[in-house]
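Input: a single structure, listed below in structure tokens.
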Amino acid sequence: MSWDTFLWTTLAVSLTLCTFSFLYRDNPFYKFSESLFVGVSAGYFVIILWYNGLVPTLFDRIWVDPSQQWYQIWSGGWWSGLVTGKWWYIIPGILGLLMWFRFSKKKGWISRYPIAFYIGIATGAAIPLEMQNRVNRQLADTLISPNFSAGFIAGISDIIIVLGVICGLFYFFFSVAHKGSFGAVAKMGIYILMIGFGASFGYTVMGRISLFIERVQSIRDWVRMGWDGGAGGIVVIWVVCLIVLLLVLLELMKYLRGRPSEGTAQ
Amino acid sequence: MNIFERISRLDRRWIYLILAAVVVITVMLKYETPIRISPEVRSVYDFVEAQPPGSYIHMAIDYDPGSLAEMHPMTYAIMEQALCRKLKIIMTALSPNGPGMAEQAMLDIMDSVKMHCGREVVYGKDIVFLGYKPYPGIVILSMGQNYRLSFPSDYYNTPLDSIDMMKGIANYGDVNGIILITGTSGVDYWISYANGRYNAPLAVGLTGVMAADYYPYLRSGQIFGLMGGMLGAAEYEKLVKRPGRAMEAMRVQVWTHIVIILFIIIGNIGYLISRRKGEVK
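Same order as they appear, the protein sequences are chains D and U.
Reading the first sequence from the start, the letters are residues 1 to 266 in my numbering.
Reading the second sequence from the start, the letters are residues 1 to 281 in my numbering.
Rendered as structure tokens:
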């Protein structure tokens, strides 16, 4: 057993238990793990963005002289790096900096220029492709003629899909009262929608349970790792278990004394 | 107040406790749950099997540690299969908190391939990790023109032209297909841009929460395979004959689902009784 790995895993297991404690009620252990997660995620993201985004796609393109790094611009020879690099990348760099004017009440309008660039490029790229691939192709595929050559069930499925879509659309048509035959089709539409939501809900339950199972598997693997690691590992496992047990007992005593703490499970 | 009414008013924490007990007990048990292979998962497996040795696939690892439970088993099973078949893999990670995790997975898989297939996977010859870049939509579009536009260098800052396996590889046209494993809405970009704009064959592995929403794209042929959540991962593990965490988890899933269904039935009976008594409208 590698002690390095084991101790990091012990930390992960402890934080997992801290997080799960929220299922009982809000508490300082949960708050600690939540704050740690948010802080670490934000810090990690900033560093990843810097070294994977700004440095290779902006600074390293502006200055290509291998002897000169972008942060050594004042140490001499920077001009040769700049002129041999793609200096025009300074323009998007400046546009990026203009975004920071967002924080100024008086000069906030300046940030609208880079936002306009960004939205213009994004919508120009997105609208035709989104219309083509997420609207037109889906519409065309929905209204395709029933394909019984692929089998009787497949042909019936095609018909059900067309009818289901039409019924679903009827339900969302509110300009006419949902009465008579129109109401019957709309009611069928709500049943179709409920079947769809049911499928999503079933998958969602599986997904949420999967997250919990993986954590339990990790805790089991941690126990195995410590157990196989000899006396030191077993002591660490016992210490963690005793701390958890002690906290549970303390909470139980509070409960039995009829003085439940403030806060409820969400 | 009868038993059904009492249970329907049970403190939710008792339900958490019962579910936790069921999960812990069934994780300790050892038996295999029968798993049926669905056509949409089999088509991903068949695609990887059909590729000749030396051909390229793009693995997009677009998830962060929050979705690791469902996504990692898919990533491990597919990449091990591909590397054992001597395919070359270009990896990207377009989820902000994902690159470190993706790198760790890559190193684990390289070790695992050596252990199970007796093959030494060499970084730069068999696999390359390009890392993360912000704005997935723009990155996916630019990779369709040239990988070097968004990734002038790989995750370890080595210029792409200095990497053996990237020589002569320009864009999606040079890879035989893209397998996207994702827990984010970035899948829409891959469908619209990589498949829609550049006609790159695309298969997806999604979290359970997302899976039902993407079946229409399977039917329209915009994706050629779909693995949904832990079940999709378990099916793939079964196909590659390497039982892992997903197959093990399905055993637990069966029992937890039984418990949840029982609670739903009991809760509804309690609700109906209360309604009959006029306590609930």
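Each residue gets a CB set at the ideal place from its N, CA and C atoms; glycine is no exception.
Quick caveat: nothing in here was measured; it's all calculated off a predicted structure.
Local Cβ density within 10 Å of residue i, reported as buried at 16 or more and exposed below that
| i | result |
| --- | --- |
| D/R61 | buried |
| U/E248 | buried |
| U/M101 | buried |
| D/S2 | exposed |
| D/F32 | exposed |
| D/P56 | buried |
| U/E120 | exposed |
| U/S8 | buried |
| U/L272 | exposed |
| U/P99 | buried |
| D/I192 | buried |
| U/Y315 | Given that chain U is displayed from residue 1 to residue 281, the structure contains no residue 315 of chain U and the question cannot be resolved. |
| U/L130 | buried |
| U/A170 | exposed |
| D/R137 | buried |
| D/A140 | exposed |
Whole-angstrom distance between residue j and residue i, CA atom to CA atom
| i | j | result |
| --- | --- | --- |
| U/D46 | U/I78 | 11 Å |
| D/Q266 | D/E34 | Any reading at D/Q266 needs caution, since the residue's pLDDT is 43, under 50, leaving its predicted position unreliable; the model's value is listed next. Roughly 15 Å between the two C-alpha positions. |
| D/I190 | D/H178 | 12 Å |
| D/T264 | D/G258 | For D/T264, the predicted model reports a pLDDT of 49, less than 50, meaning its position is unreliable; a value from the coordinates is still stated below. C-alpha separation (whole angstroms): 15 Å. |
| U/I90 | U/D174 | 11 Å |
| U/A246 | U/D213 | 22 Å |
| D/A186 | D/Y171 | 4 Å |
| U/H72 | U/Q81 | 14 Å |
| U/Y135 | U/Q51 | 31 Å |
| D/G168 | U/I261 | 28 Å |
| U/A20 | D/F22 | 14 Å |
| U/M28 | D/W63 | 58 Å |
| D/S104 | D/A116 | 18 Å |
| D/G124 | U/Y193 | 13 Å |
| U/F4 | U/R276 | 13 Å |
| U/V24 | U/R13 | 16 Å |
| D/I94 | D/Y118 | 13 Å |
| U/I15 | D/V38 | 28 Å |
| D/D228 | D/T142 | 57 Å |
| D/F20 | U/Y31 | 27 Å |
| D/Q217 | D/V223 | 10 Å |
| U/K167 | U/Q145 | 15 Å |
| U/R85 | U/P53 | 6 Å |
| D/W109 | D/V135 | 35 Å |
| U/M250 | D/T16 | 22 Å |
| D/N133 | U/G270 | 47 Å |
| D/Y51 | D/T5 | 26 Å |
| D/F318 | D/T204 | No answer is possible for residue 318 of chain D: the residues shown for chain D start at 1 and end at 266. |
| U/R6 | U/N268 | 12 Å |
| D/M194 | D/L252 | 42 Å |
| D/V176 | D/I127 | 32 Å |
| D/V239 | D/S41 | 28 Å |
Residues that DSSP places opposite residue i in a beta bridge
| i | result |
| --- | --- |
| U/P216 | Answer is none; U/P216 lacks a bridge partner. |
| D/T142 | None, per the DSSP bridge assignment. |
| U/I179 | U/M59, U/A203 |
| U/S153 | U/P159 |
| U/A92 | Per the sequence shown, the amino acid found at residue 92 of chain U is Thr instead of Ala. According to DSSP, U/T92 bridges with U/A60. |
| U/M128 | Per the sequence shown, residue 128 of chain U should be read as Val rather than Met. U/V128 pairs with U/I90. |
| U/M310 | The question about residue 310 of chain U has no answer, for chain U in this structure spans 1 to 281. |
| U/Y123 | U/I127 |
Residue i vs residue j beta-carbon contact at 7 Å
| i | j | result |
| --- | --- | --- |
| U/V48 | U/M227 | no |
| U/G177 | U/P201 | yes |
| D/I237 | D/V13 | no |
| D/F45 | U/P96 | yes |
| U/T92 | U/A69 | no |
| U/I191 | U/Y172 | no |
| U/K88 | U/M165 | yes |
| U/E235 | U/I57 | no |
| U/G205 | U/M106 | no |
| U/S38 | U/F224 | no |
| U/V128 | U/I163 | yes |
| D/I48 | U/Y189 | no |
| D/L7 | U/R197 | no |
| D/P146 | D/I161 | no |
CB-CB length for residue i against residue j, believed under 8 Å
| i | j | result |
| --- | --- | --- |
| D/I213 | U/V259 | The Cβ separation is near 13 Å, so there is no contact. |
| U/A211 | U/G229 | 6 Å |
| U/D62 | U/T184 | 6 Å |
| U/S150 | U/P159 | Not a contact, Cβ separation roughly 14 Å. |
| D/M225 | U/L231 | Wrong, their Cβ atoms sit about 28 Å apart, outside the cutoff. |
| U/T207 | U/S67 | 5 Å |
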